[in-house]
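Participant: Okay, handing you the structure first.
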Amino acid sequence: MGLRNILRKPKKDKTPSSDFKKLKLLVTVVNRSKTEFFIDLLSSMGVNLQSSVAAQGTAKSETLSLLGLEDSDKSVIFSVIREDKAEEILRAVDERFHKLRGGKGIAFTIPLSSVIGVAMYRFLSDNRSIN
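For the sequence shown, my numbering assigns the number 466 to the initial residue and increments by one for each residue that follows.
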């Protein structure tokens, strides 16, 4: 490999930046017994990556009952979602919190500032139109 190859400018990605959608991390805290239900709900809405972690609430029983939470065994579900779908997904999760017996929980999003790798971005954003 000659010096000429080393100094050559890297090829620019020809993918238009307008095709890229911003991503958010959705954090959902639910009763452990409802974990699979919420993972299935999110999967049905096109969320490709989810990871759940078992958690234990630390609030006193009086605080739990004040918040309407009985069980201290929780799951925290981490999901990567597209920003343009965040409102729809949060609305669906909130609706299940209200309708599902024992389905109370907390959900919020955090913006992601970067993702390394076009293939990983495609998977996370469920965007199959990017070449």
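Note that CB positions come from ideal geometry on N, CA and C, so glycine has one too.
Have a look at Ala520 and Arg497 and give me their C-alpha separation to the nearest angstrom.
Facilitator: Translated into positions along the sequence shown, residue 520 becomes position 55. Translated into positions along the sequence shown, residue 497 becomes position 32. Taking the Cα positions, Ala520 is about 8 angstroms away from Arg497.
Participant: Below 6 angstroms CB to CB, which residues in the same chain sit around Phe588 once its five sequence neighbours on both sides are set aside?
Facilitator: The count along the sequence shown starts at 1 and reaches residue 588 at position 123. Cβ within range, chain order: Asn513.
Participant: According to DSSP, is Leu488 helix, strand or coil?
Facilitator: Counting from 1 along the sequence shown, the entry for residue 488 is found at position 23. DSSP places Leu488 in strand when its eight states are reduced to three.
Participant: At what residues does the beta strand (DSSP E) containing Ile571 begin and finish?
Facilitator: As a working mapping, residue 571 is identified with position 106 in the sequence shown. Its beta strand (DSSP E) spans residues Gly570 to Pro576.
Participant: Between Glu548, Ser537 and Glu527, which has its C-alpha nearest Lys486's C-alpha?
Facilitator: Within the sequence shown, residue 486 is the residue found at index 21, counting from 1. For Lys486, the nearest C-alpha among the options comes from Glu548.
Participant: For Asp538, which beta-bridge partners are listed by DSSP?
Facilitator: As a position in the sequence shown, residue 538 is number 73, starting the count at 1. Beta-bridge pairing links Asp538 to Gln521.
Participant: Return yes when the Cβ of Ile554 is within less than 7 angstroms of the Cβ of Phe503, no when it is not.
Facilitator: Within the sequence shown, numbered from 1, the residue matching residue 503 stands at position 38. Within the sequence shown, numbered from 1, the residue matching residue 554 stands at position 89. Result no, Cβ atoms of Phe503 and Ile554 do not sit closer than 7 angstroms.
Participant: Which residue from Lys489, Arg556, Asp538 and Leu577 puts its Cα closest to that of Val518?
Facilitator: Within the sequence shown, the letter at position 53 stands for residue 518. Measuring C-alpha to C-alpha distances from Val518 to each of Lys489, Arg556, Asp538 and Leu577 identifies Asp538 as the nearest.
Participant: Using a Cβ-Cβ cut-off of 8 angstroms (strictly less than) and excluding sequence neighbours within five positions of Leu577, which residues of its own chain qualify?
Facilitator: Locating residue 577 in the sequence shown gives position 112, counting from the first residue. Excluding positions up to five away in sequence, the list reads Lys487, Leu488, Lys489, Leu490 and Val545.
Participant: What is the rounded straight-line gap between the Cα of Met585 and the Cα of Thr528?
Facilitator: Here the question's residue 585 lines up with position 120 in the sequence shown. Here the question's residue 528 lines up with position 63 in the sequence shown. So the two alpha carbons sit approximately 41 angstroms from each other.
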